[in-house]
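Chains as they are written, first to last, in my numbering: chain X, 22 to 251; chain F, 14 to 179.
By construction, the Cβ of each residue, glycine as well, lies at the ideal position given by its N, Cα and C atoms.
Below is one structure, written out as structure tokens; comments come after it.
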């Protein structure tokens, strides 16, 4: 079944053509991913189209990443607004934490694979900012140490443990990824278009140790791509 | 709320910036989005990912902001803006760089096309999730992205970039 993409363009796109962007982003289920892989293997035109999609995918990520982050003003505005919310709902504050906990329980499996680790690290990194907001009195909001010009994320100022950019195999299951993270004492600190930035352990490593770690990673079945982050 | 904000605010902001094309407005948007979350946490039914819910709220608020501004750029105007630079040798040389041209074209897609490209490529949303965020059927999600990509190819072609597709 050759897709004959050009012909399709004149008519309607084929199912395989329409799935290509999700294949590039790694968000297809394993069945569809396999179908697309098979179609790509036998249809050069489809493969050419897929190459163009990979470019679009990479540029879309770069473009979005270049947009930066909001200033602290947005967060100040938010929490000031929350403070200004009517105090006539004493049960709301308590129930919110339960509800928020419910949010995390509902995270998608893919997100769950990294979000817990990312959340912990994000908390540490942003402690300088967010810590000012966490007080014993939920109705008060202190910004004395918060500069509106500073980015939300701050460096810890210590030699970082080794990091790697990793892509998991499309059929990797959440349980496998969780076990992998435990095995390597790794935490997912960022994600970018299906790629994950992992941090290993808590201590810096020598170059040869990092090289050994990378080759070990590359030999893992569930890892389709791994490279050290300088 | 701090955890939720810390985890999602950057992506919500970037989605907002891409939709409204104004950082100040996008910053206002994220405050509104998370305030809505604070107020309506009980309405979250847990059937979708939190990020999907947040992006859907962001989209709604961004569209409202755009309607208030009433200055949504027209697709064709944006395309012309790219073509206008073709006489400039410096710009022409730049256009040879597919990567830069692609990025430029991505910024001038229509809001409808921009959002679907971003949701799929950057926010890694599945067909089902995009359908939920944008409020359209799944088949429409697929065809809309296909035609967004086709439009992108046309813009690139107008900028002198041929990629062999379509």
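Return the bridge partner residues of residue i from the DSSP annotation.
i, result
"residue 218(X)", "186(X) and 211(X)"
"residue 246(X)", "188(X)"
The alpha helix (DSSP H) that contains residue i, what's its start and end?
i, result
"residue 63(F)", "63–82"
"residue 229(X)", "228–239"
"residue 64(X)", "Note, residue 64(X): premise wrong, no alpha helix (DSSP H); not H, not E."
"residue 149(F)", "Segment: none, residue 149(F) is in no alpha helix (DSSP H) and carries neither H nor E."
"residue 34(F)", "First-last for residue 34(F): undefined, no H or E at that position."
"residue 87(X)", "Per DSSP, residue 87(X) belongs to no alpha helix (DSSP H) and is neither H nor E."
"residue 112(F)", "111–121"
"residue 42(X)", "36–46"
Would you mind giving the Cβ-Cβ distance between residue i and residue j, rounded to the nearest angstrom? I have them listed as a contact below 8 Å.
i, j, result
"residue 44(F)", "residue 102(X)", "6 Å"
"residue 28(F)", "residue 126(F)", "Rounded, the Cβ-Cβ distance is 14 Å, inconsistent with contact."
"residue 250(X)", "residue 184(X)", "4 Å"
"residue 225(X)", "residue 182(X)", "6 Å"
"residue 22(F)", "residue 91(X)", "6 Å"
"residue 112(F)", "residue 80(X)", "6 Å"
"residue 234(X)", "residue 187(X)", "With a Cβ gap of about 11 Å, residue 234(X) and residue 187(X) do not count as contacting."
"residue 49(X)", "residue 30(F)", "Rounded, the Cβ-Cβ distance is 28 Å, inconsistent with contact."
Verify whether the separation of the beta carbon atoms of residue i and residue j is less than 8 Å.
i, j, result
"residue 169(F)", "residue 118(F)", "yes"
"residue 72(X)", "residue 191(X)", "no"
"residue 9(F)", "residue 67(F)", "Nothing in the structure corresponds to residue 9(F), since chain F is present only between 14 and 179."
"residue 138(F)", "residue 146(F)", "yes"
"residue 174(F)", "residue 78(F)", "no"
"residue 201(X)", "residue 209(X)", "no"
"residue 116(F)", "residue 84(X)", "yes"
"residue 122(F)", "residue 161(F)", "yes"
"residue 46(X)", "residue 130(F)", "no"
"residue 34(X)", "residue 159(F)", "yes"
"residue 47(F)", "residue 61(X)", "no"
"residue 74(X)", "residue 41(X)", "yes"
"residue 167(F)", "residue 151(F)", "no"
"residue 232(X)", "residue 238(X)", "no"
"residue 206(X)", "residue 221(X)", "yes"
"residue 72(F)", "residue 128(F)", "yes"
"residue 59(X)", "residue 165(F)", "no"
"residue 76(F)", "residue 50(F)", "no"
"residue 52(X)", "residue 178(F)", "no"
"residue 67(X)", "residue 96(X)", "no"
Over the uninterrupted beta strand (DSSP E) stretch that includes residue i, give me the two end residues.
i, result
"residue 133(F)", "Counting along the chain, residue 133(F) falls outside any beta strand (DSSP E), and DSSP gives it neither H nor E."
Chain F contacts from the stretch 87–111 of chain X (Cβ-Cβ distance under 7 Å): Within the stretch 87–111 of chain X, the residues whose Cβ lies closer than 7 Å to some Cβ of chain F are 88, 90, 91, 92, 94, 95, 96, 98, 99, 102 and 103, listed in chain order.
Residues in the stretch 111–130 of chain F having any Cβ partner in chain X nearer than 8 Å: In summary, the residues of the stretch 111–130 of chain F whose CB is separated from some CB of chain X by less than 8 Å are 111, 112, 115, 116, 119, 120 and 130, in the order they occur in the chain.
Contact set between the stretch 158–172 of chain F and chain X, restricted to residues whose Cβ is under 8 Å from the partner: So the close ones are 158, 159, 162, 163, 165 and 166.
Under 7 Å (Cβ pairs) to chain F, residues found in the stretch 49–71 of chain X: Of all residues in the stretch 49–71 of chain X, the ones placed with a Cβ closer than 7 Å to any Cβ belonging to chain F are 69 and 70, in chain order.
Short-range partners of chain F found in the stretch 72–85 of chain X, where Cβ spacing is below 9 Å: Taking 9 Å as the Cβ-Cβ cut-off against chain F, the residues of the stretch 72–85 of chain X that qualify are 72, 73, 74, 76, 77, 78, 79, 80, 81, 82, 83, 84 and 85.
Against chain X: residues of the stretch 37–62 of chain F by CB proximity under 8 Å: Those residues of the stretch 37–62 of chain F placed with their C-beta closer than 8 Å to a C-beta in chain X are 39, 40, 41, 43, 44, 47, 48, 51, 52, 54, 55, 57, 59, 60, 61 and 62, ordered along the chain.
Chain-ordered residues of the stretch 17–32 of chain F with a beta carbon less than 8 Å from chain X: Correct list: 17, 18, 19, 20, 22, 23, 26, 27, 30 and 31.
Contacting positions in the stretch 69–81 of chain F - beta carbon closer than 7 Å to chain X: Answer set for the stretch 69–81 of chain F: empty.
Chain F contacts from the stretch 222–237 of chain X (Cβ-Cβ distance under 9 Å): Those would be none; no residue qualifies.
Near-chain F residues of the stretch 33–44 of chain X (beta-carbon distance less than 7 Å), N- to C-terminal order: Considering only beta carbons, the part of the stretch 33–44 of chain X lying closer than 7 Å to chain F consists of 34, 38, 39, 42 and 43, in chain order.
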